[in-house]
Amino acid sequence: MSRAAAPEPDPDDAWGPWRPTPPQGWAPQDDSTPPHGGTPAGRTPGRGAPRPRPTGRPTPPSGFPGTGGFPTSGMPRAYRRDRLARPRRRLVAVARVLAGGLVVLAIAVIAAPYLLGGPGAGTDTVAGHVVAAVLAIGATAVAAHRRTPSGPALAAAAAVPVILLVVLSTSWWA
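What the sequence shown shows, in my numbering, is residues 32 to 205, in sequence order.
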């Protein structure tokens, strides 16, 4: 009866009674990965040495969009390349900034009498600012929606500066 008793698990031990297997106990892999990105023989290719290219690399057919290949008439709309994508994104970004400015103006017109303790703007001015802010936000939402065709999206994004100029000319520069 010289059997040694199993050690009591340490209550502060995060692993508890379970212990991870050391790397020596792991099963050997079929194709071993060399350490630190070296070659299987253990040598690392020197700087400037040509790397071997894999053979059988597929080359794209000439029919991919952008290479003058497939016609887009029979393709679903989601796969067509939008030729106005970059100007549309830029105009939508500008429209969003201007719509945010209109929202700030509407909040300022509403909050000014309470913060400054004066009579403030009239009801028509406050309503005009709120309506303009809502219209500008709606126009940017239409312009930024991915299913909106490019023409209406550009028109909606271009409407935001017009709304801003109307508000500024009727309420602020008058």
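Don't be surprised by glycine CBs; every beta carbon is placed ideally from N, CA and C.
- The criterion of a C-beta distance shorter than 8 Å is satisfied by residue 171 and residue 191.
- A Cβ-Cβ contact shorter than 8 Å links residue 123 with residue 188.
- According to the DSSP assignment, residue 179 belongs to no alpha helix (DSSP H), since it is labelled neither H nor E.
- In the displayed model, residue 203 falls within a helix according to three-state DSSP.
- For residue 131, the enclosing alpha helix (DSSP H) starts and ends at 116–147.
- The closest CA to that of residue 141, considering only 131, 127, 161, is found on 161.
- The C-beta distance from residue 119 to residue 185 rounds to 6 Å, short enough to fall under 8 Å.
- In this structure, DSSP gives residue 192 a helical state, which the three-state scheme calls helix.
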